[in-house]
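Engineer: Below: one structure in C-alpha cells.
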Amino acid sequence: MRAEFPDFRLGKVLATSFTGTLSERHGNAVERIPTPQRLIDWLAVNGLAVDSCTTAQLELARELRESIHAAATAAAVHDALPAAAVQVINDCSAQGRAAAILTPEGQRRWQLSSASRVEDALSVIAADAISIIAGERDGKLALCASATCQAAFFDTSQSRTRKWCDMNTCGNRQKKARFNANQSKNSISAD
Ligand SMILES: [Zn+2]
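Heads up, the sequence shown is in this note's numbering, so the first residue is 237 and it goes up one at a time.
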C-alpha cells in the first residue's frame, strides 16, 4: 500500500528537506506526507522517530512546513519576513522538548521527551529553519530556478551559484528540456 505514496526528496538540510515534502508548489503540487503514517516515516528517516501521529499533529506539521517555506522564500529574496509564519515557527520551536545527545561514536542524536510527541520533532525542524533563515549557518537561501517549483533551498556550494533545489529532479528536468529543445532544433535544420 505504502508504495502508492510519492517518495521523499531527502536533502542534507533538515528544514528544507521538510519543506520539500510538498513539491511543485507552482505546478501540479505533490504532497509527500499525505497521511500521518507518511509523516512518521519521514521523521524516522530524519532521525526524529515517533510512535504515533494524529491528524491534528499532521496538520500542525504542515502548518509549520508552509510557514518555513514562506519565511525562507522571503529571506531568499530579501523581503520582510511574514509575521504569521514567524509566529508559527517560533511557537513550534518553543513548544518542543527535544535534547541533542552526543553518542559515544561522536554523532548527534535527537532525544524526544516522549515517542508520541510529534511536537518535539517539529521543534527540532523549526530550530533548524531559524538557524538558516537567521543566517547562522554557512550557506545562502535561494529559490529553485524551475518555474513550477521555486522551492527555497539552502545553497552550501563553494560558489553559492546552485540553481535548483535538487539536481536529481528539478535540475535533471531542466537539462532534459534543454536537450529536447536542442534535438528538435537539430531535426528542423536537418529537414
Ligand atoms: Zn526545485
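Where is the CB? At the ideal position from N, CA and C, for every residue including glycine.
Does DSSP put residue 419 in a helix, in a strand, or in coil?
Structural biologist: Looking up residue 419 in the sequence shown gives position 183. Helix, per DSSP.
Engineer: Ignoring anything shorter than 4 residues, give me the alpha helix (DSSP H) runs that lie fully in the segment 322-385, in order along the chain.
Structural biologist: Counting whole runs of 4 or more residues, the segment 322-385 contains the alpha helix (DSSP H) stretches 354-369.
Engineer: Using CA atoms only, rank isn't needed, just tell me which of 252, 240, 370 and 244 is closest to residue 401.
Structural biologist: Here residue 401 corresponds to residue number 165 of the sequence shown, with the count starting at 1. When each option's Cα is compared against that of residue 401, the closest is 252.
Engineer: By the DSSP assignment, the beta strand (DSSP E) with residue 402 in it spans what residues?
Structural biologist: The count along the sequence shown starts at 1 and reaches residue 402 at position 166. First-last for residue 402: undefined, no H or E at that position.
Engineer: Give the residues whose C-beta lies closer than 5 angstroms to at least one heavy atom of ligand 1, in chain order.
Structural biologist: 380, 382, 385, 387, 401 and 406
Engineer: Compare the Cα-Cα distances from residue 390 to each of 383, 409 and 366 and report the closest residue.
Structural biologist: Here the question's residue 390 lines up with position 154 in the sequence shown. Closest option to residue 390, Cα to Cα, is 366.
Engineer: The alpha helix (DSSP H) spanning residue 391 covers which residue range?
Structural biologist: Locating residue 391 in the sequence shown gives position 155, where the first residue counts as 1. Here residue 391 belongs to no alpha helix (DSSP H); instead the beta strand (DSSP E) covers 388-391.
Engineer: Could you check which residue in 387, 295 and 345 has the C-alpha nearest to that of residue 378?
Structural biologist: Within the sequence shown, the letter at position 142 stands for residue 378. Among 387, 295 and 345, the Cα nearest to that of residue 378 belongs to 387.
Engineer: Can you tell me whether DSSP reads residue 267 as helix, strand or coil?
Structural biologist: Translated into the one-based positions of the sequence shown, residue 267 becomes position 31. Strand at residue 267.
Engineer: Using only the alpha-carbon positions, how far apart do residue 403 and residue 338 sit?
Structural biologist: In the sequence shown, residue 403 corresponds to position 167, counting from 1. In the sequence shown, residue 338 corresponds to position 102, counting from 1. Whole-angstrom Cα-Cα distance: 32 angstroms.
Engineer: Tell me, please, which residues DSSP counts as bridged to residue 258.
Structural biologist: Here residue 258 corresponds to residue number 22 of the sequence shown, with the count starting at 1. Beta-bridge partners assigned by DSSP to residue 258: 267.
Engineer: Helix, strand or coil: how does DSSP classify residue 410 here?
Structural biologist: In the sequence shown, the residue the question calls residue 410 occupies position 174. Residue 410: helix per DSSP, three-state reduction.
Engineer: For the alpha helix (DSSP H) that contains residue 226, what are its first and last residues?
Structural biologist: A question about residue 226 goes unanswered here, because the residues of the chain that appear run from 237 up to 427.
Engineer: Pop quiz: residue 268 and residue 244 are said to be a contact at Cβ under 8 angstroms. What is the actual Cβ separation, rounded to whole angstroms?
Structural biologist: Indexing the sequence shown from 1 puts residue 268 at position 32. Indexing the sequence shown from 1 puts residue 244 at position 8. Taking the Cβ atoms as the reference, residue 268 lies roughly 6 angstroms from residue 244, within the contact range of under 8 angstroms.
Engineer: Leaving out five residues before and five after residue 289 in sequence, what residues of the same chain have Cβ atoms less than 7 angstroms from its Cβ?
Structural biologist: The residue labelled residue 289 in the question sits at position 53 within the sequence shown. For residue 289, where only same-chain residues beyond five positions count, the Cβ hits under 7 angstroms are 272, 275, 276 and 354.
Engineer: Can you find the residues in the same chain that come closer than 6 angstroms, C-beta to C-beta, to residue 417, ignoring five residues on each side of it along the sequence?
Structural biologist: Numbered from its first residue, the sequence shown carries residue 417 at position 181. So no residue of the chain qualifies.
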